[in-house]
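**Q**
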Amino acid sequence: MSEIVWLDGQFLPRDEARIAVDDRGFIFGDGIYEVTRCVDGRLFEGRRHLVRMHAGLEGIRIAATHLPSDAELLALHHELLARNGLTVGQATVYLQITRGAAPRAHQFPAGDVRPTLFLSATRITPAESLRATGARAVLLPDLRWARCDLKTVNLLGAVLAKQRAVEAGAQEAVLHRDGVVTEGSITNVFGVLDGVVRTHPVGTRILRGVTRDVTLELLHAMGQPVEERALLVEELPLVSELFYTSTTQDAMPIVLLDERVIGDGTPGPVARRLGAAFAAALTDPARLT
């Protein structure tokens, strides 16, 4: 079956989808995106993704005037999953909104330019075997721009960090700025120090991940002490656990950072408990749309 996507008002096969060469997403990376986890055709924390989508649109000043309503966007997600045969098992829906097509100029285009809206759906297989053994990560300087809180399609910094990780035989990069651990190339990062889980607080240096927020809720429900306080690079040799969170990987333990073994080299108790908590959360009707 040909993969079906949604582009500017219609469902069509992916190989027939076309955008203008002067679309500002293509020319400038002028747009935002969201990736939503789906379980048996329902969206996991779908409304939270829409809230963040609106925050991103506001942050880069794209008006939602010509965009579908939230209810219509949710319906598009469900219809796209159905048309691609993804109503059983797990999948993701990718949503991207750019400022639209206009003659190339750095300033916003004059007049009423219609944003470009694109959605696609992909089946995923949860990385349970990696979760059982733990992931590898590399420690890298955070060289990205200063508005990491906006989930824009301008991802070159993340691409280069992820590539460095892959070339080192690792799954992720842990980034740091001014001696402070910020986040991963495509994830949020947590560490356990003296029995307390710590992660960078919300601000411009990190993306407020939906899975990050769910992780904090699950930790509190578990009775696990947690602080939104950044780890320092100098504290990394002291952590008993390190893990990252993302839409498709839930909470993934890190057992090797560069050549340093984390804990005893196996997934720690907090990460293991989080894995079980996420498995339950993914079937919680209150979190599914």
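Following our numbering, the residues of the sequence shown are numbered contiguously, the last one being 290.
We put the CB at the ideal spot given by N, CA and C, even for glycine.
Looking at the strands, I want to know which residues DSSP matches up with S247.
**A** D251
**Q** Report buried or exposed for Q11, applying the criterion of at least 16 other Cβ atoms within 10 angstroms of its Cβ.
**A** exposed
**Q** On the three-pair Cβ rule with 8 Å, is the segment 106-120 touching the segment 191-204?
**A** no
**Q** Have a look at the DSSP bridge pairing and note the partners of N189.
**A** T246
**Q** Does the distance from the CB of L289 to the CB of V40 come in under 8 Å?
**A** yes
**Q** Please classify S70 as buried or exposed, where buried requires at least 16 other C-beta atoms within 10 Å of its C-beta.
**A** exposed
**Q** Let's see if you can read the secondary structure: which residues bound the alpha helix (DSSP H) around A103?
**A** Neither: A103 is in no alpha helix (DSSP H) and is coded neither H nor E.
**Q** I need the boundaries of the beta strand (DSSP E) containing V36, first residue and last residue.
**A** G32 to V40
**Q** Given this structure, state the Cα-to-Cα distance separating V197 from A231, to the nearest angstrom.
**A** 12 Å
**Q** State the Cα-Cα distance for the pair D265 and V256, rounded to the nearest angstrom.
**A** 8 Å
**Q** Am I right that R132 and P270 are in contact with their C-beta atoms under 8 Å? What's the rounded C-beta distance?
**A** Rounded, the Cβ-Cβ distance is 14 Å, inconsistent with contact.
**Q** Could I get the ranges of all uninterrupted alpha helix (DSSP H) runs contained in the segment 132-196, with 4 residues as the minimum, in chain order?
**A** 157-168
**Q** Report, in whole angstroms, the separation of the C-beta atoms of H177 and L140, which I expect to be a contact under 8 Å.
**A** 7 Å
**Q** Could you give the C-beta distance for S247 and T188, rounded to a whole number, given that I count them as a contact under 8 Å?
**A** Beta-carbon to beta-carbon, S247 and T188 are separated by about 4 Å, close enough to satisfy the 8 Å threshold.
**Q** What three-state label does DSSP hand R230 in the structure shown?
**A** coil
**Q** With a threshold of 16 other CB atoms inside 10 Å of the CB of H221, please say whether the residue is buried or exposed.
**A** exposed
**Q** Are there three or more Cβ pairs, one per stretch, closer than 8 Å when the segment 85-104 is compared with the segment 112-122?
**A** yes
**Q** Give me the Cα-Cα distance between I33 and E4, rounded to the nearest whole angstrom.
**A** Roughly 23 Å between the two C-alpha positions.
**Q** Could you check if E168 is buried or exposed, using at least 16 other CB atoms within 10 Å of its CB as the buried criterion?
**A** Classification of E168: exposed, given that the 10 Å Cβ count is below 16.
**Q** What residue range does the alpha helix (DSSP H) around L82 cover?
**A** D71 to R84
**Q** Under DSSP, the beta strand (DSSP E) around P14 begins and ends at which residues?
**A** Q11 to P14
**Q** Do you know offhand how far E59's Cα is from G26's?
**A** 16 Å
**Q** Have a look at V160, L77, G86 and G135 and flag the residue whose alpha-carbon is nearest the alpha-carbon of D242.
**A** According to the sequence displayed, residue 242 carries Glu and not Asp. Of the listed residues, the one whose Cα sits closest to E242 is G135.
**Q** Can you name the residues that DSSP bridges to A64?
**A** Bridge partners of A64: none, in fact.
**Q** Check whether the Cβ atoms of S186 and A171 sit closer than 8 Å, and answer yes or no.
**A** Taking 8 Å as the Cβ cut-off, S186 and A171 do not qualify as a contacting pair.
**Q** Quick check on this structure: which residue in Y245, H55 and G47 has the alpha carbon closest to the alpha carbon of L258?
**A** Minimum Cα distance to L258 is reached at Y245.
**Q** Along the chain, where does the beta strand (DSSP E) containing I28 start, and where does it finish?
**A** Note, I28: premise wrong, no beta strand (DSSP E); alpha helix (DSSP H) at R25 to F29.
**Q** May I have the straight-line CA-CA distance separating I28 from R274, to the nearest angstrom?
**A** 44 Å
**Q** What's the call for H50, buried or exposed, on a 16-neighbour Cβ count within 10 Å?
**A** Flag for H50 reads buried.
**Q** In angstroms with no decimal places, state the Cα-to-Cα distance between T267 and P127.
**A** Taking the straight line joining both Cα atoms gives about 19 Å.
**Q** What would DSSP say about F279, mapped onto helix, strand or coil?
**A** helix
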